[in-house]
Amino acid sequence: MPGFLWGSSYDLGGTVRAHVMGAESIIGIPMQVVAQLVIGFVVFGVTLTVTGGGEFFMRFATALLGRARGGPAKVSVLSSCIMGSLSGSVISNIITTGSITIPTMKRTGYPAHYAGAIEACASTGGTLMPPVMGAVAFIMASFLGVPYADVMIAAVFPAVLFYLALLFQVDNYAARNGLTGLREDEIPNLMATLKEGWPYLLGLAMLIYMLIVMRLEAYAPYYASAVLLVISLFKRQHRLNLARLLTLVKELTTSVANLVAILAGIGLVVGGLSYTGVAGAFSRELLLYAGDSIPLMLAAGAVTSFILGMGMTVSACYIFLSILLAPALVSAGLNPLASHLFILYWGMMSYITPPVALASITAAGIAGASAGKTSLNAIRLGSVLFVLPFLFVLNPALILQGELTDILISACTAIAAMWLLASAQEGYLYRIGIIRWPLRTLLLIATALLIYPEPYSDLVGLGLVVLVYLGCGLRPSHVTAVAKPADSKSDVTRRGHVG
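Take the sequence shown: its position 251, counting from 1, is numbered 369 in the working numbering, and each next residue is one higher.
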């Protein structure tokens with residue numbers, strides 16, 4: 119083959135031996151990581167679900183946020199964040215939590231396509247939230263040669279930023295449209311919920327402690343699962359009888375079989391690239407074409423990750439690109455951990471963006487909404503995902519690496535940027551009310567200035583926000599949105615648009 123596709127050739131026997139017995143193909147690093155680490159976390163996730171952990175976290179989120187304006191949407195964001203971070207599966211998370219949260223959001227006034235988009239984004243983000251993050255984080259730790267705790271710590275703040283942006287958006291939407299929370303009789307008592315569900319919190323706390331403090335990545339999920347199973351023996355509602363034991367075995371074997379089959383297939387592709395030498399050639403060619411332009415290289419990497427993510431799972435896409443693309447990004451002088459997270463973020467974008475949009479289509483089916491409309495709203499709600507990877511790959515302080523002062527300043531400006539971005543997208547600013555496009559454009563400019571990692575741009579961005587508030591504060595007319603009852607379908611009455 120010409121150009122960078124040229125590689126070493128093998129006869130049929132040599133090819134079979136290389137793929138079956140070689141250490142870089144079917145039984146390469148991804149399969150070794152699954153055997154040594156990931157199966158334990160699959161056991162923990164299945165055990166948590168079978169013993170009633172999913173129901174508890176849903177009740178916990180409802181008790182915590184159900185009374186707030188737009189409460190059902192906030193419950194969807196929090197519950198999907200927790201369950202997605204433990205299961206690592208986007209689609210199963212939508213099916214389990216979305217079947218409850220989406221109808222509730224629709225009943226309290228959210229349009230069907232908007233409710234589906236919220237659930238799709240919240241479930242997709244679960245694969246980015248520690249402590250588990252699916253199989254990808256463990257494979258990433260093995261590729262980088264760092265402890266898994268380092269990957270967890272680096273991934274946590276970008277994931278928090280994403281969920282903060284979602285919460286700001288659903289809150290602004292509720293404020294703009296006068297949506298209320300759940301009825302009082304639908305909200306469980308927080309203390310009673312915690313009293314009943316403390317075993318799940320104990321199991322999760324044990325898992326995090328053993329991962330971060332004791333560094334027992336291989337054994338931590340088994341110990342946490344054993345604690346959950348022992349405690350469940352004393353809870354009649356979730357006691358592990360024969361039926362639940364069979365369910366646990368079935369779910370566990372199905373999850374492991376799916377994971378192993380996917381990784382075996384992608385192992386063949388990675389092995390072919392490695393044995394022929396094409397993987398190294400691809401990285402060299404990308405560096406050559408991009409020259410010294412890091413933005414051009416990141417743009418090419420983002421497009422490549424997005425396109426490959428359409429036809430692969432997140433794990434498969436990450437493994438593929440960590441062989442092809444990550445070496446080029448690291449060779450260009452970018453932070454290795456941030457470069458690998460960059461690939462992960464862009465690889466999972468296809469879950470909410472057309473033409474594939476598996477998460478959006480699944481959520482639209484539950485919501486009874488148009489798949490296209492749901493996908494477009496998911497893109498808008500999850501638009502921060504298009505920005506975040508560029509932020510932390512260019513500013514490692516956002517993955518908590520660097521001086522403490524830089525980390526704190528970057529964290530504060532990033533949170534402010536998420537708030538302003540949500541305000542501009544939803545057309546609602548706290549203490550001001552509904553705003554129109556002139557002010558929304560100013561907020562978008564302020565967001566861009568705060569995102570850019572320079573002190574002067576931060577000051578200018580904050581100055582723009584102050585000017586917006588001072589200018590609106592001098593106007594006599596402010597918004598008044600009439601709150602809509604939870605069961606009402608009437609339009610919201612508004613007065614006094616600002617901007």
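Think of the CB as a built atom: it goes at the ideal place given N, C-alpha and C, for glycine as much as any other residue.
In the DSSP assignment, L334 forms no beta bridge with any residue.
Ranking I425, T311, P413, T180 by CA distance to the CA of L447 puts P413 first. If you look at Q150, you'll find it in the alpha helix (DSSP H) that goes 147-151.
Excluding residues up to 5 positions away in sequence, S493 lie with their Cβ nearer than 6 Å to the Cβ of A475 in the same chain. Going by beta carbons, V374 and A253 fall outside the 8 Å limit. The alpha-carbon of N211 is positioned some 43 Å away from that of G131. Nearest to I479 by alpha-carbon distance, out of A233, F286, V161, is A233. Straight-line measurement puts the Cα of I218 at about 13 Å from the Cα of G483. Leaving aside the five residues that flank A292 on each side, the residues in its chain whose CB is nearer than 6 Å to its CB run, in chain order, R187, G188.
Here DSSP, grouped into helix, strand and coil, assigns Y548 to coil. Distance from the Cα of I220 is smallest, within the candidate group L204, S207, A238, S205, for A238. In the displayed model, I553 falls within a strand according to three-state DSSP.
Annotation: T431 is outside any alpha helix (DSSP H) and is labelled neither H nor E by DSSP. For L462, the three-state secondary structure derived from DSSP is helix. The region 249-305 contains, as complete alpha helix (DSSP H) runs of 4+ residues, the segments 254-262, 266-295 (chain order). Counting only residues of its own chain and dropping the five nearest sequence neighbours on each side, G520 has a CB closer than 7 Å to the CB of P514. Segment contact: the region 338-351 against the region 371-387, fewer than three CB-CB distances shorter than 8 Å; contact not assigned. The alpha-carbon of F175 is positioned some 8 Å away from that of G315. K353 sits in coil when the DSSP states are folded into three classes, being neither helix nor strand. If you look at V474, you'll find it isn't in any alpha helix (DSSP H); DSSP assigns it neither H nor E. A straight line joining the alpha-carbon of A272 with that of L503 spans about 16 Å.
For G132, the uninterrupted alpha helix (DSSP H) segment begins and ends at 130-139. Each residue's CA atom was taken as its position, placing L562 and L285 some 18 Å apart. Going by DSSP, M223 is part of the alpha helix (DSSP H) stretching over 208-225. Between S241 and A477 a beta carbon distance of about 6 Å is seen, short of the 8 Å cut, so the two are scored as contacting. Rounded to the nearest angstrom, the gap between the Cα atoms of I527 and L452 is 21 Å. Annotation: M324 to I200 spans about 16 Å, alpha carbon to alpha carbon. In terms of Cα proximity to I209, the closest of L182, A566, G243 is G243. T133 is not a Cβ neighbour of P306, given a cutoff of 8 Å. In the three-state reduction of the DSSP assignment, A450 falls in the coil class. Sorting D289, T214, A259 by C-alpha distance to the C-alpha of P190 places D289 at the top.
Secondary structure of R177 (DSSP, three-state): helix.
The residue among V586, L512, S203, G545 with its C-alpha nearest the C-alpha of E572 is L512. Beyond the five residues adjoining it in sequence on each side, F159 comes within less than 7 Å, by CB distance, of V250, P339 in the same chain, given in chain order. Unbroken alpha helix (DSSP H) stretches of 4 residues or longer found wholly inside the region 340-417: 360-394, 396-408, given in chain order. The criterion of a C-beta distance shorter than 8 Å is not satisfied by R333 and P276.
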